[in-house]
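Structure record follows, encoded as structure tokens.
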Amino acid sequence: GLYQAVRRKRATMIQAAARGWVVRRRLVALKGKVQLVERAYKGYAHRSAPAKEAARQAAVQRQEAAAAIQREFRARRRSQAAALVNTGEAGAEAPAAEATVAAAEAPVAAAEATVSSTAEAPVAPAAEAPAT
Numbered sequence: 003g004l005y006q007a008v009r010r011k012r013a014t015m016i017q018a019a020a021r022g023w024v025v026r027r028r029l030v031a032l033k034g035k036v037q038l039v040e041r042a043y044k045g046y047a048h049r050s051a052p053a054k055e056a057a058r059q060a061a062v063q064r065q066e067a068a069a070a071i072q073r074e075f076r077a078r079r080r081s082q083a084a085a086l087v088n089t090g091e092a093g094a095e096a097p098a099a100e101a102t103v104a105a106a107e108a109p110v111a112a113a114e115a116t117v118s119s120t121a122e123a124p125v126a127p128a129a130e131a132p133a134t
């Protein structure tokens, strides 16, 4: 009846108001993120060429350091697994440990290849940022 129709219309109005509020909140959050990205890009784009090169070199050094840490960690894990196997204390854990180390080494080899190619790659001159 009439009462049910009014209830449905009122429920629709409440849902629309709530949906509008959610959409506006998402839009405000999105605008904030866009502004953050724009500020970061402007700061990056207006850096001098030596500053950009220094930042690139620092990134390469961080990648190389991470690869070195991973190499040392895996070598230590491998030697510990080998010691367990040699002493006979590993039991059923030894094949699992060796499989884990072998599976973890493949991405490291790929990362090391990327780091070495990045370190030797020539740097293209940066394009000038448009004046705003």
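For the sequence shown, position 125 matches number 127 in my numbering, and the numbering has no gaps at all.
Positions of the beta carbon are idealized from the N, C-alpha and C atoms, including for glycine.
Pairwise C-alpha distance: residue j and residue i
{"i": "residue 25", "j": "residue 44", "result": "28 Å"}
{"i": "residue 31", "j": "residue 37", "result": "10 Å"}
{"i": "residue 35", "j": "residue 28", "result": "11 Å"}
{"i": "residue 134", "j": "residue 39", "result": "The pLDDT assigned to residue 134 is 49, lower than 50, so where the model puts this residue is not dependable, and the model offers no usable value."}
{"i": "residue 13", "j": "residue 6", "result": "10 Å"}
{"i": "residue 55", "j": "residue 70", "result": "22 Å"}
{"i": "residue 8", "j": "residue 23", "result": "23 Å"}
{"i": "residue 73", "j": "residue 67", "result": "10 Å"}
{"i": "residue 59", "j": "residue 52", "result": "10 Å"}
Interface flag, residue i vs chain B, CB-CB below 8 Å
{"i": "residue 25", "result": "Considering every chain present, this structure includes no chain B. It has just one protein chain."}
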